[in-house]
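The next block holds one structure in the form of structure tokens; read it before the comments.
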Amino acid sequence: MPSLPRNHSGTTIQPTRIAPISQTSIASLLYLLTIFVFFEQGLVSPLAFLAGAGLMAGFLVLFFVLFRFRINTRFREPSLTSAQITASVITMLTVSYLDRNAQIVLGPFMLVAFSYGTFRLGSATLAGLAVGSMSAYLAMILTRNFPAGYSDTLRMDLLQWVIVALTLPLMVSVGTQVRKLRAALKTTRRQLQQFEEKAIRDELTGLYNRRHLHTELVAAIARADQQGIPFCLCLIDVDHFKDINDRHGHLVGDVILREFAQVARDSIRDSDVIGRYGGDEFMQILPDTDLKGAVMHAERLRVYAHFLDLQGVLPPHAISLSIGVAQYRPAETVTALIERADTALYRAKERGRNRVEWIDDI
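Numbering (this note's numbering), first residue to last: 1 to 362.
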């Protein structure tokens, strides 16, 4: 895979920064190619072609340097879209001024130049650029035709100007509507992602809920069967949680669950999955982990919970965990795996709580 270009400090130049240069370069090269074809056919003078090539090369080098050394970030508009459109218009107007035949392609390529701004610039900025460009276009026509006065040539030039002047505002308007639709779509996608996230999260702890845990467990079983790698399931119960709720109130119980959830979240790998299975019971899925590794992890989690900071609502070491661990057996069902982990959890409670038990029947 080809690597991304890097800047002088060795860091990668992101595609979002070089994309505006690429777009402008393509449009500029297409315009220059068109002028070159005209030049080859003897329709455009060497002076006009060389002037266009020189201006285009100079502007491309300028913008490349600005982006390459991140100078563009100092401007209010880091993409420099307005400046690039202005540079394109200046180049095209200069070529058209030096040779009238080049004016044939001025209108279409001016619209192409503005098309890049319709998705990046605000309506006011686009309108200002359009007014400025069309004013410069009109000034170029009048200046070039001034010695000859009113003529058929001037009339044709003005008709071309009118066509562009009528078309450009329409393009700006359509671009503005498209930009608004894209913004609305982006907002809708973000809201949808938030709704989807809420649908799989437990509201109190922020961990995955029971439904999503089942989905993750099914996926873990499928991976284990396909790849032949072990994984383990832990069922975790907060000891005497009902008594704590009855004695200190549900608000204290909520604090305990939230604080434990944070500790559990911080103690797992990125590939691990933990969620609230129900009430004071949690489920943890440990991919690519055998029984020994899962038991060691469960012991660490039990110790972390024992030293949990409960924000002063309970004295230190007030809570403990009972944890049951089971390793997945090939072709085992979800229900069977959960039952074995639950059996280990029940054994931990029977043997005095605050301990880890496991089912060693692989």
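A virtual CB, placed ideally from N, CA and C, is assigned to each residue, including glycine.
Within a Cβ cutoff of 8 angstroms, which residues of the same chain sit near residue i, ignoring the five residues on either side of it in sequence?
i              : result
leucine 98     : Ser45, Leu47, Ala48, Ala51
asparagine 354 : Asp239, Arg302, His306, Ser320, Leu321, Ser322
threonine 34   : Val105, Phe109
glycine 10     : No answer about glycine 10 holds up, because its pLDDT of 38 lies below 50 and its placement is not dependable.
glutamine 311  : Val255, Glu259
alanine 220    : Phe231, Val273, Ile285, Pro287, Tyr328
valine 172     : Phe114, Thr118, Ser123, Leu126, Ala127, Ala130
histidine 317  : His306, Phe307
leucine 28     : Checking the sequence shown, residue 28 turns out to be serine, not leucine. Here the set comprises Met56, Phe59, Leu60, Ser88, Thr91.
threonine 143  : Tyr97
glutamine 103  : Ser96, Asp157, Gln160
asparagine 7   : Only weak support is given to the placement of asparagine 7: the predicted model assigns it a pLDDT of 40, under 50, and the value that follows is read from those uncertain coordinates. Closer than 8 angstroms at Cβ, skipping near neighbours: Ile13, Arg68, Phe69, Arg70.
What span of residues does the alpha helix (DSSP H) with residue i cover, start to end?
i                : result
leucine 121      : Looking at the DSSP string, leucine 121 is not in any alpha helix (DSSP H), and its letter there is neither H nor E.
leucine 170      : 152-199
isoleucine 323   : Careful: isoleucine 323 lies outside any alpha helix (DSSP H), inside the beta strand (DSSP E) at 321-327.
isoleucine 85    : 81-98
phenylalanine 67 : 46-68
glutamate 339    : 334-350
glutamate 299    : 291-306
Which residue comes first and which comes last in the beta strand (DSSP E) that contains residue i?
i              : result
leucine 286    : 281-287
isoleucine 359 : 356-359
isoleucine 274 : 273-278
Report the CB separation of residue i from residue j in whole angstroms; it is logged as a contact under 8 angstroms.
i              : j                : result
leucine 204    : arginine 258     : 7 angstroms
threonine 208  : valine 273       : What sits at residue 208 in the sequence shown is tyrosine, not threonine. Their Cβ separation, rounded to whole angstroms, is 7 angstroms, which keeps tyrosine 208 and valine 273 in contact under 8 angstroms.
leucine 308    : valine 263       : 6 angstroms
serine 82      : methionine 140   : At roughly 20 angstroms, the Cβ-Cβ gap does not stay under 8 angstroms, so serine 82 and methionine 140 are not in contact.
methionine 110 : leucine 213      : Not quite, the Cβ-Cβ distance comes to about 59 angstroms (not below 8 angstroms), so this is no contact.
serine 206     : alanine 261      : First, the residue type needs correcting, since residue 206 is glycine and not serine in the sequence shown. Confirmed, Cβ separation roughly 6 angstroms.
leucine 55     : threonine 94     : 6 angstroms
glutamate 281  : leucine 235      : 7 angstroms
leucine 345    : aspartate 237    : 6 angstroms
isoleucine 71  : glycine 107      : In fact, because the Cβ distance is near 33 angstroms, the residues do not count as touching under 8 angstroms.
asparagine 101 : phenylalanine 38 : 6 angstroms
valine 334     : leucine 217      : 6 angstroms
arginine 276   : aspartate 202    : 4 angstroms
Residues in its own chain within less than 7 angstroms of residue i by CB, not counting five upstream and five downstream?
i             : result
valine 356    : Val295, Ala298, Glu299, Arg302, Ile323, Val325, Ala348
glycine 253   : Phe241, Ile244, Asn245
glycine 278   : Arg210
leucine 138   : Trp161
threonine 125 : Ser82
tyrosine 304  : Val263, Ser267
proline 330   : Asp225
aspartate 152 : none
alanine 165   : Met134
leucine 251   : none
threonine 167 : Leu111
leucine 337   : Leu233, Ala326, Tyr328
For residue i, which residues in the same chain have their Cβ closer than 6 angstroms to its Cβ, ignoring the five residues on either side in sequence?
i                : result
proline 2        : Reliability of the predicted coordinates at proline 2 is poor, the pLDDT of 38 falling under 50, and the value obtained from them is presented with this limitation in mind. Cβ within range, chain order: n/a, list empty.
alanine 224      : Phe231, Tyr328
asparagine 145   : Leu154
tyrosine 31      : Phe109
leucine 159      : none
arginine 340     : Ala326, Ile359
aspartate 157    : Ile141
phenylalanine 59 : Ala87
proline 15       : Low local confidence applies: a pLDDT of 44 at proline 15 is under 50, so the model's placement there is unreliable, with the coordinate-based value given in what follows. Excluding sequence neighbours, proline 15 sits near nothing in its chain.
How about the region 178-194 and the region 108-127: do they share at least three Cβ pairs that are nearer than 8 angstroms? Yes, they touch.
Please list the segments of the beta strand (DSSP E) lying wholly inside the region 206-267, counting only runs of 3 or more residues, in order along the chain. 231-238
Can at least three beta-carbon pairs, one atom from the region 83-95 and one from the region 108-115, be found at a separation below 8 angstroms? yes
Between the region 287-294 and the region 224-238, do at least 3 Cβ pairs fall closer than 8 angstroms? yes
Could you say if the region 132-146 and the region 71-84 meet the contact criterion of at least three C-beta pairs nearer than 8 angstroms? no
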